[in-house]
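Step one of this worksheet: look at the structure below.
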Amino acid sequence: MLKISKLEKSYGDLKVLSGLDMELDRGEILCIQGRSGEGKTTLLRLINGLENKDGGTIDTQGSVGMVFQDHRLFPHLTVWDNLMLAPKILFGKIEKETEAKGLKLLESLEITNLKNYYPYQLSGGQSQRVAVARACMGDPTVLCFDEPTASLDQETIESMISMIDSLAKDGMAILIITHDYEFANAIGHKIMKLKDGVLIN
Numbered sequence: 001m002l003k004i005s006k007l008e009k010s011y012g013d014l015k016v017l018s019g020l021d022m023e024l025d026r027g028e029i030l031c032i033q034g035r036s037g038e039g040k041t042t043l044l045r046l047i048n049g050l051e052n053k054d055g056g057t058i059d060t061q062g063s064v065g066m067v068f069q070d071h072r073l074f075p076h077l078t079v080w081d082n083l084m085l086a087p088k089i090l091f092g093k094i095e096k097e098t099e100a101k102g103l104k105l106l107e108s109l110e111i112t113n114l115k116n117y118y119p120y121q122l123s124g125g126q127s128q129r130v131a132v133a134r135a136c137m138g139d140p141t142v143l144c145f146d147e148p149t150a151s152l153d154q155e156t157i158e159s160m161i162s163m164i165d166s167l168a169k170d171g172m173a174i175l176i177i178t179h180d181y182e183f184a185n186a187i188g189h190k191i192m193k194l195k196d197g198v199l200i201n
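First residue of the sequence shown? That's 1 in this note's numbering, and the numbers climb one at a time after it.
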């Protein structure tokens with residue numbers, strides 16, 4: 001589902017990733033931890049094609065979805081329009097199948113009632129579910145989360161654990177960057193640490 005081999009990334013003289021290897025299977029949840037500045041967010045950006053690697057290979061065997069720490073919803077668009085924006089840009093119009101997919105995602109994530117809300121009207125947990133729905137519109141084989149528990153209360157975190165677990169059971173490979181050790185233990189099938197540019201168990 002996701003295979004990374006000998007991944008290299010530097011910023012000038014600063015070596016961030018040094019021959020990193022990683023495999024993530026269908027339905028698996030991998031949590032990556034590490035100190036600030038170790039390259040965790042850089043790794044996500046490389047997997048998502050937001051930055052160019054210096055060396056190595058990244059095989060996603062499909063598309064990748066990304067849920068950012070700040071969710072990055074467009075504030076001037078409703079929840080529904082946030083979901084429909086990318087398909088509209090890509091294809092110039094919104095097909096009935098696309099609308100049906102969007103409605104199904106809203107229903108599965110239990111946010112159908114928020115369809116006409118704007119981001120400022122959403123709680124942190126609701127905003128995150130919308131971000132997940134938007135990321136899933138592209139039918140990703142791999143879904144990445146960057147610090148998903150940031151600023152969320154315990155009840156919302158428990159709800160999110162259930163949501164992510166459900167996505168994995170549906171066959172999606174899940175990669176999570178998190179500082180939250182308790183969360184990682186609760187949800188991760190595997191937990192690894194990024195240190196000195198490589199992943200260690």
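Even for Gly, the Cβ is constructed at its ideal location relative to N, Cα and C.
Check, Outcome
"Sequence-distant residues of its chain with Cβ nearer than 6 Å to residue 60 (five each side left out)", "2, 142"
"C-beta contact flag for residue 140 and residue 176 at 8 Å", "no"
"Residue 75 beta carbon less than 8 Å from that of residue 206", "With the chain running from 1 to 201 in the structure shown, residue 206 is simply not present."
"Alpha-carbon to alpha-carbon, residue 112 and residue 84", "14 Å"
"Rounded distance between the beta-carbons of residue 53 and residue 88, thought under 8 Å", "The pair is not a contact, with the Cβ atoms about 30 Å apart (cut-off 8 Å)."
"Contacts around residue 80, its chain only, beta-carbon distance under 6 Å, and the 5 residues preceding and following it disregarded", "115"
"Residues bridged to residue 59 (per DSSP)", "3"
"CB of residue 7 within 8 Å of CB of residue 46, strictly", "yes"
"Exposure of residue 134, with buried meaning 16 or more beta-carbon neighbours within 10 Å", "buried"
"Close-in-space but distant-in-sequence residues of the same chain around residue 152 (CB under 8 Å, 5 per side omitted)", "124, 125, 128, 160"
"Anticipated Cβ contact below 8 Å, residue 33 with residue 179, distance rounded", "7 Å"
"Pair within 8 Å by beta-carbon distance, residue 31 and residue 164", "no"
"Pair within 8 Å by beta-carbon distance, residue 64 and residue 48", "yes"
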